[in-house]
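K.L.:
Submitted below is the structure of interest, expressed as structure tokens.
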Amino acid sequence: MAIIFMTKLLSANKRHFFVITRHCQSITGVKKVDDVLVKVTGGRISGWLKVLGQVSGQTEVKHSQEAVLVAEKLFEQKQDERQKQTRVLKDLQKLLKHATEERELKTSIRGTAEYMKIVEKENNLYGQVDELQEQITVLEEAERKFFIKFSSSIRSSQAIERTQSQRSQQFGYVLSVVGICLGGIISFILNEHRMNKVYKIVSSATDLANDYKGDMGNLGEQFQQQQDKMEELISSIQSKLGHSSVHTELTNKSQKQRVSMEKCLEEILQKVKDQKILLDRIDREITDLKKLHESEIVRDSSGGVVHVSPEVKDILSNNQKQMEWKMKVTTVVSLILTVPIIYIFNKGIGGS
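Positions 660 to 1011 (the working numbering) are the ones given, in order, by the sequence shown.
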């Protein structure tokens, strides 16, 4: 009974091993996908998977499962032979029992030829039964040996699977750490690259602000020169007006001189008005430039003025968007590279 129970149990385990072995023989389990992978890789995918299986321990697990299947097949063969001989023995025992009963019924005709045939038949059946019992004993011994070999193969296969699972876990942990380190290194390199770009942009903006400073200084000097010229012009006009009025009051001789003087004054006043309009326009332009300058400058960490034009603002905005996009792409690529490798090495865990 114990052997029969263990046989059923090991047969169930055998089916489990067979399923695992069958799945190990294909790449994805889908023939079309396997054909595409073979075509894309030029048939090298099988070699890659073989090397991967040797590294991860899948090949050793497969061999151990095949050994279990072979041992179970031999065990079942011996078991079938023993069961067959046992059935033959039962049939012979029935015939022997029938012959014994027949002999006991024929005790009244002892010494006759018929009685001797019955006794001879009974003796032959006894000999066949003894021979079959010896054969069954030999088959039971062989069956026991194959059963021990079968059970030891299963234990060995289970031990190899546990070792492979632990190895897969260790590989998964190592690859996870490597993936995190690679992601950190890539992020550091990209951040350094972006910071260099930002530094160059800020440096160019500082140089541009210095240029604007020089232009504003030149405009201020020109404005001061224009003011000085206006003051000189106004003072000269005032002196001319004062001298002309005294001369007119003193002389007051000729009407033609007054007319010419009035025309001269009108021309001078017109020029003064034109100059005033020009100065007002220059003043407005300078005021607008000051407002534009104040609206387009920022201060850096050291307190210096850094000019940021709309073009620079657009460049900084675009660079910030590119930085965010590259960070997202870097994260996604790290996951894409890390997760499949971890899945492949941890595949044995789910199977076991």
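The beta-carbon is built from N, C-alpha and C at its ideal position, and this holds for glycine as well. If you're wondering where the values come from, they're calculated on a predicted model, not measured in any experiment.
From this set, 731, 790, 736 and 725, which residue's C-alpha is nearest residue 751's C-alpha?
P.N.:
Along the sequence shown, one-based indexing puts residue 751 at 92. Comparing Cα positions, the closest option is 790.
K.L.:
Consult DSSP for residue 821 and reduce its assignment to one of helix, strand or coil.
P.N.:
By one-based count along the sequence shown, residue 821 stands at place 162. The answer is helix: DSSP assigns residue 821 an H, G or I state.
K.L.:
Is it right to say residue 962 is buried, meaning 16 or more other beta carbons lie within 10 angstroms of its own, or is it exposed?
P.N.:
Along the sequence shown, one-based indexing puts residue 962 at 303. Residue placement at residue 962 cannot be trusted, given a pLDDT of 47 that sits under 50; what the coordinates show is reported in the next sentence. Label assigned to residue 962: exposed.
K.L.:
Beta-carbon separation of residue 805 and residue 728 under 8 angstroms?
P.N.:
In the sequence shown, residue 805 corresponds to position 146, counting from 1. In the sequence shown, residue 728 corresponds to position 69, counting from 1. The answer is no: Cβ separation not under 8 angstroms.
K.L.:
Keeping to the same chain, check which residues put their C-beta closer than 7 angstroms to that of residue 819; ignore five residues upstream and five downstream.
P.N.:
Within the sequence shown, the letter at position 160 stands for residue 819. Here the set comprises 719, 720 and 723.
K.L.:
Whole beta strand (DSSP E) runs in the segment 708–752 with 3 or more residues, listed along the chain?
P.N.:
Counting only runs of 3 or more, we get nothing.
K.L.:
Where does the unbroken alpha helix (DSSP H) through residue 689 begin, and where does it stop?
P.N.:
For this step, residue 689 is matched to residue 30 along the sequence shown. No alpha helix (DSSP H) contains residue 689, which DSSP labels as neither H nor E.
K.L.:
From residue 703 to residue 689, what does the alpha carbon distance come to, in whole angstroms?
P.N.:
For this step, residue 703 is matched to residue 44 along the sequence shown. For this step, residue 689 is matched to residue 30 along the sequence shown. Their backbone Cα atoms lie some 18 angstroms apart in a straight line.
K.L.:
Quick check on residue 765: does DSSP put it in helix, strand or coil?
P.N.:
The count along the sequence shown starts at 1 and reaches residue 765 at position 106. If DSSP states are grouped into helix, strand and coil, residue 765 belongs with coil.
K.L.:
Helix or strand or just coil, what does DSSP make of residue 759?
P.N.:
Along the sequence shown, read from residue 1 onward, the residue named residue 759 stands at position 100. Looking at residue 759 - three-state DSSP - the assignment turns out to be helix.
K.L.:
Below 7 angstroms CB to CB, which residues in the same chain sit around residue 758 once its five sequence neighbours on both sides are set aside?
P.N.:
Here the question's residue 758 lines up with position 99 in the sequence shown. Answer for residue 758: 777, 780, 781 and 784, listed in chain order.
K.L.:
For residue 772, does the count of other Cβ atoms within 10 angstroms reach 16, so buried, or fall short, so exposed?
P.N.:
Residue 772 sits at position 113 when you count from the first residue of the sequence shown. So residue 772 counts as exposed.
K.L.:
Inspect the CB distances between the segment 794–801 and the segment 743–750 and report whether three or more fall short of 8 angstroms.
P.N.:
At 8 angstroms Cβ cutoff, the stretches touch.
K.L.:
Within the same chain, show all residues whose beta-carbon is closer than 6 angstroms to that of residue 877, passing over the 5 residues directly before and after it, in chain order.
P.N.:
Counting from 1 along the sequence shown, the entry for residue 877 is found at position 218. Cβ within range, chain order: n/a, list empty.
K.L.:
Grouping DSSP H, G and I as helix and E and B as strand, with all else coil, what is residue 796?
P.N.:
Reading the sequence shown from its first residue, position 137 is the one you call residue 796. In this structure, residue 796 counts as helix in the three-state DSSP scheme.
K.L.:
If you reduce the DSSP assignment to three classes, tell me which class residue 703 lands in.
P.N.:
Stepping through the sequence shown from its first residue, residue 703 is reached at position 44. Note: residue 703 maps to coil in three-state DSSP.
K.L.:
Pick out whichever of 710, 737, 786 and 725 has its Cα sitting closest to the Cα of residue 802.
P.N.:
Stepping through the sequence shown from its first residue, residue 802 is reached at position 143. Among 710, 737, 786 and 725, the Cα nearest to that of residue 802 belongs to 737.
K.L.:
Is it right to say residue 717 is buried, meaning 16 or more other beta carbons lie within 10 angstroms of its own, or is it exposed?
P.N.:
Residue numbering aside, residue 717 sits at position 58 when the sequence shown is read from its first letter. So residue 717 ends up on the buried side.
K.L.:
Would you tell me roughly how many angstroms separate the C-alpha atoms of residue 830 and residue 856, rounded to the nearest one?
P.N.:
One-based indexing of the sequence shown puts residue 830 at position 171. One-based indexing of the sequence shown puts residue 856 at position 197. Rounded to the nearest angstrom, the two C-alpha atoms are 39 angstroms apart.
K.L.:
Give the straight-line distance between the Cα atoms of residue 695 and residue 711, rounded to the nearest whole angstrom.
P.N.:
As a working mapping, residue 695 is identified with position 36 in the sequence shown. As a working mapping, residue 711 is identified with position 52 in the sequence shown. About 20 angstroms.
K.L.:
Applying the 10 Å Cβ sphere with the 16-neighbour rule, what's the burial state of residue 823?
P.N.:
Here residue 823 refers to the residue found at position 164 when the sequence shown is read from its first residue. When all chains shown are included, residue 823 counts as buried.
K.L.:
Contact check, residue 1018 vs residue 788 under 8 angstroms by CB: the rounded distance?
P.N.:
Outside the shown range of the chain, which is 660 to 1011, sits residue 1018, and nothing can be said about it.
K.L.:
Return helix, strand or coil for residue 865, following the three-state DSSP convention.
P.N.:
Here residue 865 is taken as the residue at index 206 of the sequence shown, counted from 1. It is helical.
K.L.:
With H, G and I counted as helix, E and B as strand and the rest as coil, what does DSSP make of residue 680?
P.N.:
As a first step, residue 680 must be located in the sequence shown, where it is residue number 21. Because the pLDDT at residue 680 is just 37, under 50, the model does not fix this residue reliably, and the point stays unresolved.
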